[in-house]
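*Asks:* Reading the sequence shown from the start, the letters are residues 17 to 284 in the working numbering.
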Amino acid sequence: MIHPHTYIHPNARLATNVKVDPFTVIHQDVEIGEGTWIGSNVTIMEGARIGKNCRIFPGAVIAAVPQDLKFEGEYSLVEIGDGTTIREFVTINRGTKDRGRTAVGKNCLIMAYSHLAHDCIVGNNVIMSNNVQMAGHVTVGDWAIIGGVSAVHQFVQIGQHAFVSGGSLVSKDVPPYIKAARTPLSYAGVNSVGLKRRGFSVDRINHILDIYRILYNKGMNTSQALEFIEEEFSATDERDEIVTFVRESGRGIIKRFTKGSTDDDISI
Numbered sequence: 017m018i019h020p021h022t023y024i025h026p027n028a029r030l031a032t033n034v035k036v037d038p039f040t041v042i043h044q045d046v047e048i049g050e051g052t053w054i055g056s057n058v059t060i061m062e063g064a065r066i067g068k069n070c071r072i073f074p075g076a077v078i079a080a081v082p083q084d085l086k087f088e089g090e091y092s093l094v095e096i097g098d099g100t101t102i103r104e105f106v107t108i109n110r111g112t113k114d115r116g117r118t119a120v121g122k123n124c125l126i127m128a129y130s131h132l133a134h135d136c137i138v139g140n141n142v143i144m145s146n147n148v149q150m151a152g153h154v155t156v157g158d159w160a161i162i163g164g165v166s167a168v169h170q171f172v173q174i175g176q177h178a179f180v181s182g183g184s185l186v187s188k189d190v191p192p193y194i195k196a197a198r199t200p201l202s203y204a205g206v207n208s209v210g211l212k213r214r215g216f217s218v219d220r221i222n223h224i225l226d227i228y229r230i231l232y233n234k235g236m237n238t239s240q241a242l243e244f245i246e247e248e249f250s251a252t253d254e255r256d257e258i259v260t261f262v263r264e265s266g267r268g269i270i271k272r273f274t275k276g277s278t279d280d281d282i283s284i
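Printed below as a string of structure tokens:
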């Protein structure tokens, strides 16, 4: 199922039932799982590890060296999980010595023209809409959705089940289970629609809502809010996930929107 106009390095390892369309180039030290389809004019470079039943559309470039002046040619990888779809002209760069890999989880949809820079770690079932531009060292949790034409600052973390609206400039961490919107990017409520679709009960969603009311609406600073949440709320997976995420945030979490907010608030 390999087209004769395709070049595959002899040291590349392709499983059974891999289909590769014409004018694609696959370099050495590449592994591709069974049932995966690689479209025309795709370039897969050294260090790519692509899972089973993936679809990679024309023009994508996987595992090019990082666009990082600190990169010194160290060995690194790009890992793509089973069942993930990479649409047209997506670029995913290899990792650096920081993490050693750039990884995309299982059953993700990375839409056209998106870019994942070095050392990004993307969870399972993530959707990135068209032209999302992700700088290095970004972490995205499972089931997150990032709207089109969004730009994500290096080292930002986006929590699981979060929804980021299209056209966003993401310069601070986005906690799990919430919606993020407006300019500057701000807390816009809990992602209740997405949580319902994924089987969260009304009680679990209300529990998450109550936690974020304390965090964003009660006038406490972050340390006070976290202390109150741990003292007053029963331990649950959701509570612990939120508290840990906020407490360990490196760039600080997005704020509640206020009328006095301006673009000058965006940190760089």
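Even glycine gets a Cβ: it sits at the ideal position worked out from N, Cα and C.
State the DSSP-derived secondary structure class of A167, mapped to helix, strand or coil.
*Replies:* Counting from 1 along the sequence shown, the entry for residue 167 is found at position 151. In the structure shown, A167 sits in a strand (DSSP, three-state: E or B).
*Asks:* Judging by CA-CA distance, which residue of I161, E257 and R198 is the nearest neighbour of Y228?
*Replies:* Stepping through the sequence shown from its first residue, residue 228 is reached at position 212. For Y228, the nearest C-alpha among the options comes from E257.
*Asks:* May I ask you to verify whether the stretch 155-165 touches the stretch 136-144, counting CB pairs closer than 8 Å and requiring at least 3?
*Replies:* With the cut-off at 8 Å, the stretch 155-165 and the stretch 136-144 touch.
*Asks:* Between which residues of its own chain and A80 is the CB-CB distance below 6 Å, once the five residues before and five after are set aside?
*Replies:* By 1-based counting over the sequence shown, the position of residue 80 is 64. Closer than 6 Å at Cβ, skipping near neighbours: M61 and N109.
*Asks:* Measuring CB to CB, does A178 end up less than 9 Å from P200?
*Replies:* Sequence index remark: in the sequence shown, residue 178 carries index 162 (1-based). Sequence index remark: in the sequence shown, residue 200 carries index 184 (1-based). Contact: no.
*Asks:* Looking at C-beta atoms only, is the number of pairs between the stretch 199-217 and the stretch 258-268 that lie closer than 8 Å three or more?
*Replies:* Touching, no, given that fewer than three Cβ pairs across the two stretches are closer than 8 Å.
*Asks:* For R117, which option in F105, H19 and F87 has the closest C-alpha, if you only look at C-alpha atoms?
*Replies:* Numbered from 1 along the sequence shown, position 101 holds the residue referred to as residue 117. Measuring from the Cα of R117, the nearest candidate turns out to be F87.
*Asks:* Quick check: V154 and S130, are their CB atoms within less than 9 Å of each other?
*Replies:* Here residue 154 refers to the residue found at position 138 of the sequence shown. Here residue 130 refers to the residue found at position 114 of the sequence shown. No. Outside cutoff.
*Asks:* Assuming I96 and G67 form a contact by the criterion Cβ under 8 Å, report the distance between their Cβ atoms to the nearest whole angstrom.
*Replies:* As a first step, residue 96 is located in the sequence shown; it is residue number 80 there, counting from the start. As a first step, residue 67 is located in the sequence shown; it is residue number 51 there, counting from the start. Rounded, the Cβ-Cβ distance is 6 Å, consistent with contact.
*Asks:* Within the same chain, show all residues whose beta-carbon is closer than 8 Å to that of R267, passing over the 5 residues directly before and after it, in chain order.
*Replies:* Counted from its first residue, the sequence shown places residue 267 at position 251. The answer, listed in chain order, is H169, F171, V172, Q173, S187, K188, D189 and S283.
*Asks:* Is it the case that the Cβ atoms of V36 and E50 are separated by a distance below 9 Å?
*Replies:* Reading the sequence shown from its first residue, position 20 is the one you call residue 36. Reading the sequence shown from its first residue, position 34 is the one you call residue 50. Cβ atoms of V36 and E50: not closer than 9 Å.
*Asks:* Give me the Cα-Cα distance between F39 and T22, rounded to the nearest whole angstrom.
*Replies:* As a working mapping, residue 39 is identified with position 23 in the sequence shown. As a working mapping, residue 22 is identified with position 6 in the sequence shown. Answer to the nearest angstrom: the Cα atoms are 5 Å apart.
*Asks:* Does D45 come out as helix, strand or coil in the three-state DSSP assignment?
*Replies:* Here residue 45 corresponds to residue number 29 of the sequence shown, with the count starting at 1. Looking at D45 - three-state DSSP - the assignment turns out to be coil, as it is neither helix nor strand.
*Asks:* Counting along the chain, where does the alpha helix (DSSP H) carrying N109 start and finish?
*Replies:* The residue you call residue 109 lines up with position 93 of the sequence shown. That residue, N109, is in no alpha helix (DSSP H); its beta strand (DSSP E) goes T107 to N109.
*Asks:* Measure the alpha-carbon distance for G75 versus T238 and round it to whole angstroms.
*Replies:* What you label residue 75 is simply residue 59 of the sequence shown in a count that begins at 1. What you label residue 238 is simply residue 222 of the sequence shown in a count that begins at 1. If I take the Cα positions, the gap works out to 45 Å.
*Asks:* Counting along the chain, where does the alpha helix (DSSP H) carrying Y232 start and finish?
*Replies:* Counting from 1 along the sequence shown, the entry for residue 232 is found at position 216. Unbroken alpha helix (DSSP H) run through Y232: V218 to N233.
*Asks:* Straight-line CA distance for S181 to V218?
*Replies:* Residue numbering aside, residue 181 sits at position 165 when the sequence shown is read from its first letter. Residue numbering aside, residue 218 sits at position 202 when the sequence shown is read from its first letter. Near 24 Å, if we compare the C-alpha coordinates of V218 and S181.
*Asks:* Any idea which residues DSSP pairs S202 with across the strands?
*Replies:* In the sequence shown, residue 202 corresponds to position 186, counting from 1. Its beta-bridge partners are A197 and K271.
*Asks:* Would you mind listing the beta strand (DSSP E) stretches within the stretch 104-184 that are 3+ residues and don't spill past its ends, in chain order?
*Replies:* Correct list: 107-109 and 117-120.
*Asks:* Give the range of the alpha helix (DSSP H) segment to which L85 is assigned.
*Replies:* For this step, residue 85 is matched to residue 69 along the sequence shown. From DSSP, L85 is part of no alpha helix (DSSP H); its letter is neither H nor E.
*Asks:* Taking only three categories from DSSP, how would you classify R255?
*Replies:* Numbered from its first residue, the sequence shown carries residue 255 at position 239. Of the three classes helix, strand and coil, the one that applies to R255 here is helix, per DSSP.
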